[in-house]
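In full-length UniProt numbering, the protein residues as written are 1 to 110.
The beta carbon of each residue, even a glycine, is placed where N, CA and C say it ideally should be.
Computed from a prediction, not measured in an experiment: that's the story for all the values here.
Single-structure report; data block below.
Okay, here's the thing in structure tokens:
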């Protein structure tokens, strides 16, 4: 059973990496240029890999646990967005992240 949780965790991290790469490619002058940037292409590839790992995880983890666990990526992306891209991060973001993390902890209780 542990291997499925590992697949879920790696899938979450892979999705986070994909999101960061998509954001890195978002400063292109136009949409076509953005699509052709290596960071965008790699970001999409990572998203595909994350989906594959999520499918593996769903073999044994209930979707009612797996899908809410993926929301941890929202919290991590918000923190990384602040540090890597200078995006705003205040009390509202901290409160939202605390709620997400608390919810995931509750859902994963046996």
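Around the beta-carbon of residue 74, fewer than 16 other beta-carbon atoms lie within 10 Å, marking it exposed. Collapsing the DSSP output to three states places residue 8 in a helix. DSSP, reduced to helix, strand and coil, places residue 58 outside both helices and strands of the structure shown, so it counts as coil. Using a C-beta cut-off of 8 Å, the region 54 to 61 makes no contact with the region 82 to 98, since fewer than three inter-stretch Cβ pairs fall below that distance.
A Cβ-Cβ contact shorter than 8 Å links residue 16 with residue 77.
Look at residue 30 here: in three-state DSSP terms it is coil, with no helix or strand label. Using a 10 angstroms sphere on the CB of residue 69, the tally of other CB atoms reaches 16 or more, which defines it as buried.
Going by DSSP, residue 64 is part of the alpha helix (DSSP H) stretching over 63 to 70. Membership of residue 103 in the alpha helix (DSSP H) is indicated by the continuous run 91 to 107.
If you draw a straight line from the Cα of residue 62 to the Cα of residue 105, it comes to about 15 Å.
Beyond the five residues adjoining it in sequence on each side, residue 22 comes within less than 7 Å, by CB distance, of 40 and 43 in the same chain, given in chain order.
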